[in-house]
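K.L.:
Just passing along the structure, written as structure tokens.
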Amino acid sequence: MLVFKIILIACTVIAVVSVVWGSLKTGIVPMPSSRKALQAILASAEVKGEGQIIDLGSGWGTLTTALARKYPGRQVIGYELSFVPWLVSLGLKHVFCLRNLSVYYRDFLDADLSKAALLFCYLSPEGMFLLQKKIEEEQLEDFVIVSNTFAMASYQPERVIRLGDIYRTPVYVYRFFPKYLDSLNSTCRLKKNSRIL
């Protein structure tokens, strides 16, 4: 009995340290989306074409699991940097026998997002800035981003969904297509080349 308690305490300590370390590394605690947010996000998921559905910072796997079950014919991918939440999401994948779901213990900034049709995220402001930088540097196009709570500083959302909670939490929907990015790049070049006399 004592050995079992020691093992349980050790596992708990390792889990807490792992979550804290992952939070320090990413700048955000792996928090699952609320039920209302999850419902709004799933409702806003307009998956067209054949591209991948990717969760950037998939946490405990609640959203990736729901997406994989909603779209059994689509490839759903989750990226997570916090070990214990990633392990839980891996467990959910096997519990629900979701062959179309892949969860990776890695940084989405190092991942190939070029085949994505739909990206989901619940990041920090810094994470949104890094995502925006990745989109621009890699010239990603023809996809939709659904972001829980945090907006992208340089882009106008196609729509904003306000949740019915006490914070009226926003869910931002962005649609990226080639002409939009060309227009954005032209605007950025004009701003860069203009000088105040």
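So for the sequence shown, this note's numbering puts the first residue at 6; every next one is plus one. In this text, a Cβ means the ideal position worked out from N, Cα and C, and glycines have one as well.
1) With distance defined between alpha-carbon atoms, name the residue in Phe88, Leu92 and Phe101 nearest to Leu72.
2) Looking at the strands, I want to know which residues DSSP matches up with Gly83.
3) Among Arg167, Phe181, Phe182 and Tyr179, which one has its Cα closest to the Cα of Leu43?
4) Label Pro77 either buried or exposed according to how many other C-beta atoms from any shown protein chain fall within 10 Å of its C-beta, with 16 as the threshold for buried.
5) Mind checking who Tyr179 pairs with in its DSSP beta bridge?
6) With C-beta atoms as the reference, is Ala122 less than 8 Å away from Ile46?
7) Can you check DSSP and say which residues form a bridge with Val165?
8) So for Thr31, helix, strand or coil by DSSP?
P.N.:
Let me lay it out:
1) Phe101
2) Asp60 and Val108
3) Arg167
4) exposed
5) Ile150
6) No; because the gap between Cβ atoms is not below 8 Å, this pair is not in contact.
7) Tyr177
8) Confidence at Thr31 is low in this model, with a pLDDT of 49, below 50, so the placement of that residue is unreliable and no value is reported for it.
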